[in-house]
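Notes follow the structure.
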Amino acid sequence: MNPQQQSDPGPSADEGPSADEGHDTARARGSVLEVFLAFLQLGLTSFGGPVAHLGYFRAAFVERRGWLDDRSYSDLVALCQFLPGPASSQVGIALGLGRAGWGGAIAAWIGFTLPSAVALVLFAAGVTQWSALSQSGAVHGLKVVAVAVVAQAVWGMARTLCPDRLRAGVAIVAALLVLAVPSAWGQIAAIVAGGVVGRWALQLVPLPAARHRDYGVGKTTGAVLLGLFVVLLVALPFVAAAWHSPGLAVVADFYRAGALVFGGGHVVLPLLQAGVVPSGLVSNDVFLAGYGAAQAVPGPLFTFAAFLGAVMPGPFGGWLGGLALLLAIFLPAFLLVAGALPFWETLRQREGVQRAMAGVNAAVVGVLVAALYDPVWTSAIHTRADFGLALAAFGLLVWARMSPVLVVALAAVAGGLMAL
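Sequential numbering of the sequence shown, starting at 422, is according to the numbering used here.
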């Protein structure tokens, strides 16, 4: 169990108001512009993935600005790790919501997401305008470094999310299932099966009760948002099929990917690949090149959706396509985090929910293992030199702890030199 999910019990009724209650009184008293500028600065400088992002957020909003205290921040992180979706972006959305209401939530998301989305759409424009770029040695280096990045994610997630034999077994079975059924349905089946096994077979230590900061979302509003999340998840594929709309079908795929990603942004890779590569909307080479490039930009990895939308044919393509799919993949994060905030204590105290989520997280490791083989490995590793480059990049990431930006840049240079 993640230590960040352990919260201290709140004070008893006769101890008087807590520090958190003092923060509640001052909630939502900042300006939307203040929130946007704070998150834009982070969006330009936050390299290193979601764990690093959460560290940057704590330094910026707990230590420097004092928007909330450490206990409230840890509690918020625990909620966003519990929910599917991009955890760091969801924390940012909730911080903006608590500081400046709904406008603050939107401003926080735009500020944190905009820099990397713009960079990836520009990269997509380069790949689209100069088709030879996708076949260049430098882009091949980006595909090879994707092997190292996904392997690093598998390595770290397996150690954290599969600490016992049962969860390791769940991960292995999930990987086999996804390899046997290489489609989005195989991935969904693996995640659901992991949740069922976790619910009925895992034993976890119950969490203590805790007070929670008020973010200004009532239970009625929260229930409506959670209901809308479920309705869109279920209805979008059926509406797309009924209207024979390929464009809406892609939006449904990206919404589903944003709604079902547990365990970190890297898990979005197999879900998106299953939605756009088999249908021919994006070639596997371009898909992996964009994924490699996404490692070199700050901000959330989910902005990879902007790259895919920009390289697709009509009705997507360019800035409009990038924006449409960016909104589609992040919309579940908005609905879930805002909808779950007023129900967090009830959710976290249900032992069955805790066990199911532990099983889901173990299955996610298996889904990512399958993706590491296909499409990442099979599309990038063709020679001994490719394997050597991937191994060197993995060593630099895991043992040398080098910045992913520098590793990606070195891999692109090495790929270009290998092509010569």
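For each residue, glycine too, the CB sits at the ideal point set by N, CA and C.
Cα-Cα separation between residue i and residue j, rounded to whole angstroms
{"i": "valine 450", "j": "glycine 637", "result": "Rather than valine, the amino acid found at residue 450 in this sequence is arginine. If you take the alpha carbons of arginine 450 and glycine 637, they lie about 11 Å apart."}
{"i": "glycine 735", "j": "alanine 540", "result": "21 Å"}
{"i": "arginine 486", "j": "alanine 779", "result": "34 Å"}
{"i": "tyrosine 712", "j": "glycine 648", "result": "32 Å"}
{"i": "aspartate 445", "j": "leucine 793", "result": "For aspartate 445, the predicted model reports a pLDDT of 42, less than 50, meaning its position is unreliable; a value from the coordinates is still stated below. About 44 Å."}
{"i": "arginine 771", "j": "serine 495", "result": "19 Å"}
{"i": "valine 819", "j": "leucine 789", "result": "17 Å"}
{"i": "serine 537", "j": "alanine 656", "result": "30 Å"}
{"i": "arginine 520", "j": "glycine 470", "result": "24 Å"}
{"i": "isoleucine 612", "j": "leucine 841", "result": "43 Å"}
{"i": "glycine 547", "j": "methionine 733", "result": "13 Å"}
{"i": "valine 498", "j": "histidine 474", "result": "11 Å"}
{"i": "glutamine 716", "j": "leucine 817", "result": "14 Å"}
{"i": "phenylalanine 683", "j": "glutamine 624", "result": "20 Å"}
{"i": "glutamate 455", "j": "glycine 517", "result": "10 Å"}
{"i": "alanine 710", "j": "alanine 811", "result": "14 Å"}
{"i": "alanine 610", "j": "leucine 831", "result": "38 Å"}
{"i": "glycine 619", "j": "alanine 791", "result": "20 Å"}
{"i": "alanine 813", "j": "glycine 643", "result": "47 Å"}
{"i": "proline 825", "j": "valine 651", "result": "35 Å"}
{"i": "aspartate 674", "j": "serine 509", "result": "22 Å"}
{"i": "alanine 528", "j": "methionine 839", "result": "43 Å"}
{"i": "alanine 833", "j": "glycine 742", "result": "27 Å"}
{"i": "phenylalanine 737", "j": "valine 560", "result": "23 Å"}
{"i": "alanine 801", "j": "alanine 601", "result": "21 Å"}
{"i": "valine 829", "j": "threonine 767", "result": "43 Å"}
{"i": "leucine 571", "j": "phenylalanine 815", "result": "Note that residue 571 is valine in the sequence shown here, rather than leucine. Using only the alpha carbons, I get a separation of about 9 Å."}
{"i": "alanine 821", "j": "leucine 827", "result": "12 Å"}
{"i": "valine 718", "j": "leucine 465", "result": "9 Å"}
{"i": "alanine 589", "j": "tryptophan 576", "result": "12 Å"}
{"i": "valine 698", "j": "aspartate 706", "result": "10 Å"}
{"i": "leucine 500", "j": "glutamine 550", "result": "42 Å"}
{"i": "tyrosine 676", "j": "glutamine 775", "result": "24 Å"}
{"i": "serine 700", "j": "alanine 596", "result": "22 Å"}
{"i": "proline 507", "j": "valine 453", "result": "22 Å"}
{"i": "alanine 416", "j": "valine 599", "result": "This structure cannot speak to residue 416, because the chain is shown only from 422 to 841."}
{"i": "aspartate 795", "j": "leucine 646", "result": "35 Å"}
{"i": "glycine 443", "j": "valine 542", "result": "For glycine 443, the pLDDT reaches just 38, beneath the cut-off of 50, and the residue's location in the model is therefore unreliable, although a value from the coordinates is still provided. Answer to the nearest angstrom: the Cα atoms are 43 Å apart."}
{"i": "alanine 515", "j": "arginine 634", "result": "11 Å"}
Limits of the unbroken alpha helix (DSSP H) element including residue i
{"i": "arginine 815", "result": "The residue asked about is misnamed: residue 815 is phenylalanine in this sequence, not arginine. Segment 805 to 819, the alpha helix (DSSP H) holding phenylalanine 815."}
{"i": "glycine 637", "result": "Counting along the chain, glycine 637 falls outside any alpha helix (DSSP H), and DSSP gives it neither H nor E."}
{"i": "glycine 513", "result": "508 to 550"}
{"i": "serine 704", "result": "Neither: serine 704 is in no alpha helix (DSSP H) and is coded neither H nor E."}
{"i": "phenylalanine 581", "result": "Reading the sequence as shown, one finds threonine at residue 581 and not phenylalanine. It spans 558 to 582 - the alpha helix (DSSP H) in which threonine 581 sits, taken as one unbroken run."}
{"i": "valine 788", "result": "772 to 792"}
{"i": "glutamate 484", "result": "No alpha helix (DSSP H) holds glutamate 484; DSSP gives it neither H nor E."}
{"i": "glutamine 716", "result": "No alpha helix (DSSP H) contains glutamine 716, which DSSP labels as neither H nor E."}
{"i": "glycine 470", "result": "Counting along the chain, glycine 470 falls outside any alpha helix (DSSP H), and DSSP gives it neither H nor E."}
{"i": "aspartate 674", "result": "667 to 681"}
{"i": "leucine 748", "result": "739 to 761"}
{"i": "aspartate 491", "result": "491 to 503"}
{"i": "phenylalanine 764", "result": "That residue, phenylalanine 764, is in no alpha helix (DSSP H); it is neither H nor E in DSSP."}
{"i": "leucine 405", "result": "Residue coverage of the chain in this structure runs from 422 to 841, which leaves residue 405 outside it and unanswerable."}
{"i": "methionine 733", "result": "No alpha helix (DSSP H) holds methionine 733; DSSP gives it neither H nor E."}
{"i": "valine 829", "result": "825 to 840"}
{"i": "proline 691", "result": "689 to 697"}
{"i": "isoleucine 609", "result": "605 to 622"}
Does the contact criterion of 3 or more C-beta pairs under 8 Å hold for the stretch 473 to 492 versus the stretch 606 to 617?
no
Using 8 Å as the Cβ pair cut-off and three pairs as the minimum, do the stretch 746 to 765 and the stretch 562 to 572 touch?
no
Check whether the stretch 716 to 725 touches the stretch 687 to 697, counting contact only when three or more Cβ pairs, one atom from each stretch, lie closer than 8 Å.
yes
Examine the Cβ distances between the stretch 529 to 536 and the stretch 460 to 467 and report whether three or more of them are shorter than 8 Å.
yes
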